[in-house]
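Counting from 4, one number per residue, gives the positions in the sequence shown under the numbering used here.
Positions of the beta carbon are idealized from the N, C-alpha and C atoms, including for glycine.
It should be emphasised that the depicted structure is a prediction, and the values quoted were computed from it without experimental measurement.
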Amino acid sequence: MFFYLNKESLLNGEVVIIFQTENQIPNYKEITNFGELVEFKGESIPANWEYSLAEDMLYDIKDKPSPYHILKNKKWVVEDKEGFKEYCNTKINTVKNEILDYGFDYEINKVKHRQKCRVKDITFMAITALVMFLVKTFLHKDITRTWYFEDDFGYEMDMVKLVQLMFYGSNFVQSVYDTENFFKLLEEPKLINKDDYLAKIKDFMEGGN
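Spelled out as structure tokens, the structure:
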């Protein structure tokens with residue numbers, strides 16, 4: 004669908020539709036009875052839009068990569084590199100904190116169970132492992148403890164199994180911060196999403212870089 008909009012209204016922050024047609028009007032700029040027209044192609048006028056005077060183009064604000072991008076020759080380019088870098092780093096921090104808040108999924112018998120990485124979880128895990136070690140060292144006994152994951156799944160663990168969980172968790176947390184460092188030190192700042200971050204974490208945990 005093609006929409007032909009009043010340019011003056013766009014400059015005032017309003018959308019006034021002059022024509023709405025299924026076919027493009029090739030010479031719409033020559034139609035001056037309703038003021039200068041701006042063409043927009045789409046199913047409907049976006050709810051949140053901006054108008055680029057330089058490009059004479061209305062666009063959906065969702066299509067704008069960041070507040071630091073502008074349209075130039077119909078392509079998005081970074082206008083403020085320092086501002087964009089800071090914007091990217093803020094996004095990286097947000098995604099990192101979201102991932103750390105969730106924790107990680109630990110697989111037991113081909114079923115994944117969520118383990119959070121809160122200070123109290125890590126502290127309790129370390130204390131439990133230490134007690135197991137001390138009992139084995141001084142009392143010569145192998146003991147087990149039931150470890151409960153975030154989904155309330157309880158799994159009986161000996162010292163080796165608990166240390167394996169701790170080792171996996173340690174690698175996960177290290178990989179989260181390695182990933183943060185990787186993205187923040189890119190020569191060209193990159194606007195990443197959660198999937199990008201998780202993919203890089205997986206890469207680090209598998210020994211990549």
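- Under the three-state reduction of DSSP output, N36 falls in the strand class.
- Here L188 is exposed: its Cβ has fewer than 16 other Cβ atoms, across all protein chains shown, within 10 Å.
- If you look at F170, you'll find it in the alpha helix (DSSP H) that goes 162-187.
- Runs of the beta strand (DSSP E) lying entirely within the region 63-119, each at least 3 residues long, are 72-75, 78-81, 107-111, 114-118 in chain order.
- In the displayed model, S12 falls within a helix according to three-state DSSP.
- A Cβ-Cβ separation of about 7 angstroms places K67 in contact with E53 under the 8 angstroms criterion.
- L142 is bridged by DSSP to nothing; it lacks a bridge partner.
- Per DSSP, F22 is one residue of the beta strand (DSSP E) stretching across 20-24.
- About 5 angstroms separates the beta carbon of K197 from that of V98, a gap short enough to meet the 8 angstroms contact definition.
- F127 sits in a helix when the DSSP states are folded into three classes.
- Residue state for L61 is assigned as strand, using DSSP reduced to three classes.
- Comparing alpha-carbon positions, the option among D63, Y180, P192, F156 lying closest to I111 turns out to be F156.
- I48 places its beta carbon 7 angstroms or farther from that of V19.
- Distance from the Cα of T149 is smallest, within the candidate group I95, K164, L137, for K164.
- In terms of Cα proximity to I195, the closest of E89, N26, Q27, G16 is E89.
- In its chain, beyond the 5 residues on either side, D63, I64, K65 have a beta carbon closer than 8 angstroms to the beta carbon of N51.
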